[in-house]
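The working numbering runs 11 ahead of the 1-based position in the sequence shown.
A virtual CB, placed ideally from N, CA and C, is assigned to each residue, including glycine.
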Amino acid sequence: MKSIKKRVRALKKRLALFDTSGSDKETDEILKLEQKLGRLKVDWERWEEKRRLQQKRE
């Protein structure tokens, strides 16, 4: 969980550096960063679901 949060913070910092009206190269980089954030969100949701299931079992 902490590693996911750490990676999300780093990606958000990188995204904040880009100007949304930037060049095509910047736009491509922004899209890549947003895709990585999306994958991390899925990882986070899986982790949360596993945690909820474990709590129900206890």
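Problem set entry | Backbone CA spacing between K24 and E69 [nearest angstrom] | 38 Å
For this session: Confirm, please, whether the CB-CB distance from L22 to L42 is below 8 Å.
Result: no
Exercise. Is S34 helix, strand or coil when you go by DSSP?
Worked result: coil
For this session: Let me know the secondary structure DSSP gives L28 once reduced to three states.
Result: coil
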